[in-house]
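2 protein chains.
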Amino acid sequence: MSAVEGRKRRIGLLGAGVVGGGVIELLRARGSELGLELARVAVKDRTKVRPEIPSEVPVGTIDEVLADPSIDAVVELIGGLEPALSAVRTALEVEKDVVTANKLLVAEYGGELRRLANERGAALRFEASVAGCLPIIEIIEAGLIFDRVERLFGILNGTTNFILTRCQRDGSTYEDALAEARAAGFAEADPTLDVSGRDTAQKLAILVGLVTGRPCAPSSIAVSGIEHLVPADHLAAEEVGCRIKLIASFVRTGEGGRARVAPTLVPSSSALGLTTDEYNAVEVECAHIGWQLHLGKGAGRMPTASAVIHDLITLDAARERSRETESKGRRPALDLAASDAWTARWLIRVPEENPAWPVSRIGAAFAAHGVEIVEYRRSRRAGVGTIVLSAETTKGAIDRVARDIAKLQGAVKIPVVLAMEPDA
Amino acid sequence: MSAVEGRKRRIGLLGAGVVGGGVIELLRARGSELGLELARVAVKDRTKVRPEIPSEVPVGTIDEVLADPSIDAVVELIGGLEPALSAVRTALEVEKDVVTANKLLVAEYGGELRRLANERGAALRFEASVAGCLPIIEIIEAGLIFDRVERLFGILNGTTNFILTRCQRDGSTYEDALAEARAAGFAEADPTLDVSGRDTAQKLAILVGLVTGRPCAPSSIAVSGIEHLVPADHLAAEEVGCRIKLIASFVRTGEGGRARVAPTLVPSSSALGLTTDEYNAVEVECAHIGWQLHLGKGAGRMPTASAVIHDLITLDAARERSRETESKGRRPALDLAASDAWTARWLIRVPEENPAWPVSRIGAAFAAHGVEIVEYRRSRRAGVGTIVLSAETTKGAIDRVARDIAKLQGAVKIPVVLAMEPDA
Numbered sequence: 001m002s003a004v005e006g007r008k009r010r011i012g013l014l015g016a017g018v019v020g021g022g023v024i025e026l027l028r029a030r031g032s033e034l035g036l037e038l039a040r041v042a043v044k045d046r047t048k049v050r051p052e053i054p055s056e057v058p059v060g061t062i063d064e065v066l067a068d069p070s071i072d073a074v075v076e077l078i079g080g081l082e083p084a085l086s087a088v089r090t091a092l093e094v095e096k097d098v099v100t101a102n103k104l105l106v107a108e109y110g111g112e113l114r115r116l117a118n119e120r121g122a123a124l125r126f127e128a129s130v131a132g133c134l135p136i137i138e139i140i141e142a143g144l145i146f147d148r149v150e151r152l153f154g155i156l157n158g159t160t161n162f163i164l165t166r167c168q169r170d171g172s173t174y175e176d177a178l179a180e181a182r183a184a185g186f187a188e189a190d191p192t193l194d195v196s197g198r199d200t201a202q203k204l205a206i207l208v209g210l211v212t213g214r215p216c217a218p219s220s221i222a223v224s225g226i227e228h229l230v231p232a233d234h235l236a237a238e239e240v241g242c243r244i245k246l247i248a249s250f251v252r253t254g255e256g257g258r259a260r261v262a263p264t265l266v267p268s269s270s271a272l273g274l275t276t277d278e279y280n281a282v283e284v285e286c287a288h289i290g291w292q293l294h295l296g297k298g299a300g301r302m303p304t305a306s307a308v309i310h311d312l313i314t315l316d317a318a319r320e321r322s323r324e325t326e327s328k329g330r331r332p333a334l335d336l337a338a339s340d341a342w343t344a345r346w347l348i349r350v351p352e353e354n355p356a357w358p359v360s361r362i363g364a365a366f367a368a369h370g371v372e373i374v375e376y377r378r379s380r381r382a383g384v385g386t387i388v389l390s391a392e393t394t395k396g397a398i399d400r401v402a403r404d405i406a407k408l409q410g411a412v413k414i415p416v417v418l419a420m421e422p423d424a
Numbered sequence: 425m426s427a428v429e430g431r432k433r434r435i436g437l438l439g440a441g442v443v444g445g446g447v448i449e450l451l452r453a454r455g456s457e458l459g460l461e462l463a464r465v466a467v468k469d470r471t472k473v474r475p476e477i478p479s480e481v482p483v484g485t486i487d488e489v490l491a492d493p494s495i496d497a498v499v500e501l502i503g504g505l506e507p508a509l510s511a512v513r514t515a516l517e518v519e520k521d522v523v524t525a526n527k528l529l530v531a532e533y534g535g536e537l538r539r540l541a542n543e544r545g546a547a548l549r550f551e552a553s554v555a556g557c558l559p560i561i562e563i564i565e566a567g568l569i570f571d572r573v574e575r576l577f578g579i580l581n582g583t584t585n586f587i588l589t590r591c592q593r594d595g596s597t598y599e600d601a602l603a604e605a606r607a608a609g610f611a612e613a614d615p616t617l618d619v620s621g622r623d624t625a626q627k628l629a630i631l632v633g634l635v636t637g638r639p640c641a642p643s644s645i646a647v648s649g650i651e652h653l654v655p656a657d658h659l660a661a662e663e664v665g666c667r668i669k670l671i672a673s674f675v676r677t678g679e680g681g682r683a684r685v686a687p688t689l690v691p692s693s694s695a696l697g698l699t700t701d702e703y704n705a706v707e708v709e710c711a712h713i714g715w716q717l718h719l720g721k722g723a724g725r726m727p728t729a730s731a732v733i734h735d736l737i738t739l740d741a742a743r744e745r746s747r748e749t750e751s752k753g754r755r756p757a758l759d760l761a762a763s764d765a766w767t768a769r770w771l772i773r774v775p776e777e778n779p780a781w782p783v784s785r786i787g788a789a790f791a792a793h794g795v796e797i798v799e800y801r802r803s804r805r806a807g808v809g810t811i812v813l814s815a816e817t818t819k820g821a822i823d824r825v826a827r828d829i830a831k832l833q834g835a836v837k838i839p840v841v842l843a844m845e846p847d848a
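See below:
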């Protein structure tokens with residue numbers, strides 16, 4: 001659907017939950033002056049009383065919204081794959097623009113849906129799906145007009161960053177920090193998606209798809225979560241001037257790139273290190289303009305609703321740009337390096353102090369796999385053990401070193417391996 | 425001029441210098457897919473050979489561009505007040521959209537030009553006028569859909585930040601650092617506009633106008649520059665864990681606000697403290713979403729040109745929003761606090777060590793004006809002298825304290841007074 005001239009853009013809203021309620025509130029308050037009009041709302045439970053929906057707006061089913069020919073744009077806030085996926089497909093088929101906050105949908109089906117949108121001359125927007133409060137998709141797309149993203153590092157999940165901040169700052173255990181995150185409303189009843197790193201991987205997949213112009217499946221991204229971190233890991237990080245953050249990273253390499261999500265050491269006095277509590281941050285390094293950093297709260301009802309409204313008022317500009325993105329989208333899927341081949345500098349924490357393990361024994365494990373030691377120190381703090389920093393090497397090599405250390409005589413615990421951010 | 429349907433938006437370019445050349449380059453490379461077409465270029469010197477301009481594009485005078493009825497949008501890259509102001513006025517009068525990178529023009533005449541644009545149904549955009557590479561105007565406008573900016577702190581001038589970084593990091597004098605900035609291409613032959621803080625004040629005036637919806641004249645902003653800082657000032661800042669940055673700040677207070685530009689102490693390990701070299705940074709604190717930080721290079725040919733292109737492809741969305749901004753713009757001019765009434769915590773550096781001045785004498789100067797001392801220390805570093813940190817008080821009061829200290833028996837130098845950022 002092309003530019004709507006001389007009348008308001010009519011919006012069909014799918015889902016009237018927390019964010020949907022925020023969108024309704026903004027449309028009531030500002031819709032008229034922004035050229036937007038709420039035409040219809042689809043809800044799951046039609047018996048529920050919803051005083052926020054104006055009485056003149058029909059409330060019904062998804063099909064009723066999709067079948068209404070007067071509707072220009074559909075806002076999908078159902079979440080999850082179905083029925084959201086079918087609804088978005090149908091909306092685009094009938095040439096309605098779509099705005100969604102659904103990261104799973106965009107991460108898994110973004111390539112297909114963008115192609116469909118372009119075939120039908122419709123726009124597909126999803127600013128609210130990544131770092132709700134930061135217009136990171138707009139920023140990357142604007143930058144892509146002339147530039148090329150070489151590296152991207154992000155803290156994309158507020159829940160895990162809240163937990164890690166509590167662990168690092170207060171010495172909380174993972175379990176206590178998780179309980180605190182729940183009490184503060186930052187963690188779901190089932191936090192698995194967040195703490196496993198999979199939520200972050202979905203968001204990273206969306207950003208990688210954007211910066212490379214080629215679909216990136218979340219499953220192609222190596223992921224590790226924060227569930228296994230213990231207080232001693234945070235103390236070890238602190239000893240080397242760092243903090244542990246759940247970092248989503250993409251580094252371009254030739255035609256492909258490396259993308260992964262992992263607990264990573266970043267310098268305490270770096271922008272990412274200073275990103276605490278429920279904040280998100282995205283660091284983007286481009287070929288021409290160098291690096292940029294954007295830091296702010298990642299989620300919340302009104303910020304997310306505001307991102308949706310912003311997508312709605314920039315649909316026409318987006319339609320132009322997406323044609324270009326789509327033509328790149330037909331290129332083959334991205335060649336992401338296998339997780340074993342990922343190189344970094346690493347911290348190995350050997351949690352046991354064992355007089356039978358002089359530096360020479362641990363050093364031999366590194367030497368056996370051709371990995372250089374850059375720093376070696378026995379921590380004076382109880383329970384931390386020995387900290388070894390390696391030179392740059394592959395994940396495969398450092399894992400082999402860790403396995404050899406675990407086989408030393410008397411070892412009962414497996415060493416902890418953590419990546420270090422390039423500048424750490 | 426409203427949405428351009430079914431054909432390319434025709435662009436008239438005023439000025440083909442550094443940024444103008446970048447705009448031409450981007451239009452040649454990407455214009456077609458973005459729905460933009462270079463229609464005419466106006467240059468000062470028509471005899472100069474300009475191979476970057478496609479041969480089919482007429483090159484002529486400003487009047488020829490303005491008189492061309494086929495042109496939808498005018499890009500003003502002349503700079504300065506005249507003839508830029510008259511050209512922009514005429515363009516808006518004849519209902520052409522205008523995109524400009526001219527900070528002086530927007531700072532001084534933004535209110536009038538916005539009203540004119542709205543009367544004629546045209547859009548006026550100026551993303552490239554502030555922090556070229558960071559889409560800060562877009563970010564603030566998007567946030568204003570539902571939120572309210574309470575405080576804004578920014579490093580908005582790359583030249584001065586480059587100079588201050590050299591002074592702080594390398595111990596350079598102001599003069600040496602300025603020479604280095606010139607050699608690196610970051611300073612003009614006449615750097616007065618930058619180092620006096622006036623360039624920053626123009627940009628701040630634009631941002632304050634945006635966040636308050638009311639015109640803010642640059643002349644209403646209290647400004648002090650960086651020309652008078654000496655190496656000992658940077659050492660004093662370092663002793664209290666801070667760095668000196670040229671900070672533009674706005675703090676909302678009731679119906680008005682406080683806006684100023686001054687060398688200010690920020691914590692070394694804060695986002696603004698970590699903003700080094702020619703980088704810009706803007707910290708925005710909103711009522712609902714809390715604070716955000718955006719950090720990146722402030723200027724450059726392609727980033728600035730890209731901001732212009734971005735303004736061009738979002739003209740329709742901007743037109744809707746500017747109606748709202750304009751209605752607020754008719755409110756009375758902002759009540760900015762007089763510079764004397766500005767409160768902050770302060771650092772006073774008494775550059776002389778004088779045995780005739782025990783803490784009691786300096787303390788008495790503070791007490792006489794009701795200003796509390798929070799920290800007092802004699803620096804062990806040569807030439808730094810005594811550092812005193814005050815509790816929050818007005819600029820007027822701290823200046824009176826400084827004047828009293830300067831009158832102490834044997835004093836030859838005037839104490840240096842520096843504001844501290846709220847979180848320092």
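These protein sequence lines map, in sequence, to chains W and X. Using our numbering, read the first sequence as starting at 1 and increasing by one per residue. Using our numbering, read the second sequence as starting at 425 and increasing by one per residue. Note that the Cβ used here is the ideal one computed from N, Cα and C, for glycine as well.
With distances taken Cα to Cα, identify the nearest neighbour of residue i among the options.
i: Ala843 of chain X; options: X:Trp770, X:Gly504, X:Val795 and X:Ile797; result: X:Trp770
i: Asp657 of chain X; options: X:Leu509, X:Leu588, X:Ser730 and X:Ala547; result: X:Leu588
i: Gly633 of chain X; options: X:Val483, X:Ala815 and X:Ile561; result: X:Ile561
i: Arg125 of chain W; options: W:His310, W:Gln409, W:Ile289 and W:Glu33; result: W:His310
i: Gly697 of chain X; options: X:Ile668, X:Glu816, X:Gly678 and X:Gly724; result: X:Ile668
i: Ala686 of chain X; options: X:Gly649, X:Ala613 and X:Val706; result: X:Gly649
i: Asp340 of chain W; options: W:Thr314, W:Val223, W:Phe366 and W:Thr386; result: W:Val223
i: Ala661 of chain X; options: X:Leu617, X:Ile811, X:Leu739 and X:Thr636; result: X:Ile811
i: Asp828 of chain X; options: X:Ile786, X:Thr818 and X:Gly809; result: X:Ile786
i: Pro559 of chain X; options: X:Gln716, X:Ala546 and X:Lys520; result: X:Gln716
i: Ile221 of chain W; options: W:Arg260, W:Pro303 and W:Arg115; result: W:Arg260
i: Phe441 of chain W; options: W:Thr275, W:Leu156, W:Val308 and W:Arg169; result: Lying before the first or after the last residue shown, residue 441 of chain W is absent from chain W, which here runs from 1 to 424.
Chain B partners of residue i, CB-CB under 9 angstroms?
i: Arg243 of chain W; result: Absent from the structure is chain B; the protein chains it does hold are W and X.
Would you mind stating whether residue i and residue j have Cβ atoms separated by less than 7 angstroms?
i: Glu76 of chain W; j: Leu14 of chain W; result: yes
i: Gly22 of chain W; j: Ala305 of chain W; result: yes
i: Val98 of chain W; j: Ala91 of chain W; result: yes
i: Ala815 of chain X; j: Val798 of chain X; result: yes
i: Glu461 of chain X; j: Phe610 of chain X; result: no
i: Trp766 of chain X; j: Arg682 of chain X; result: yes
i: Val59 of chain W; j: Val43 of chain W; result: yes
i: Ile713 of chain X; j: Lys297 of chain W; result: yes
i: Arg319 of chain W; j: Ala123 of chain W; result: yes
i: Cys666 of chain X; j: Val573 of chain X; result: no
i: Ile71 of chain W; j: Ala39 of chain W; result: yes
Can you name the residues of chain W whose CB is closer than 8 angstroms to the CB of residue i?
i: Pro559 of chain X; result: Pro135, Glu138, Ile139 and Ala142
i: Pro478 of chain X; result: Ordered by position in chain W, no residue passes the 8 angstroms Cβ test against Pro478 of chain X, which lies about 18 angstroms from the chain.
Sort out for me which residues DSSP pairs residue i with in a bridge.
i: Glu37 of chain W; result: W:Arg10
i: Leu207 of chain W; result: Leu207 of chain W pairs with nothing; no bridge assigned.
i: Pro366 of chain X; result: With chain X covering 425 to 848 only, the question about residue 366 of chain X has no answer from this structure.
i: Asp97 of chain W; result: W:Ala73
i: Tyr279 of chain W; result: W:Lys297
Can you pull the chain W residues whose beta carbon is under 7 angstroms from the beta carbon of residue i, in chain order?
i: Pro846 of chain X; result: Residues of chain W passing the Cβ test: none, with the nearest at roughly 16 angstroms.
i: Lys721 of chain X; result: Ile289 and Gly290
Which residues in chain X have a C-beta closer than 7 angstroms to the C-beta of residue i? List them in chain order.
i: Thr314 of chain W; result: Thr738 and Ala741
What does residue i touch in chain X if you count any residue whose Cβ is under 8 angstroms from its own?
i: Ser86 of chain W; result: Per Cβ cutoff of 8 angstroms: no residues; Ser86 of chain W is ~29 angstroms from chain X at best.
Complete runs of the beta strand (DSSP E) confined to the region 281-305 of chain W [at least 3 residues]: 290-297
Which parts of the region 438-511 of chain X are runs of the beta strand (DSSP E), unbroken and 3 residues or longer, counting only runs that do not cross its ends? 460-466 and 497-500
Continuous alpha helix (DSSP H) assignments of at least 4 residues falling wholly in the region 90-171 of chain W: 103-120, 136-143 and 158-170
Sequence ranges, beta strand (DSSP E) only - wholly within the region 373-416 of chain W, length at least 3: 373-378 and 386-390
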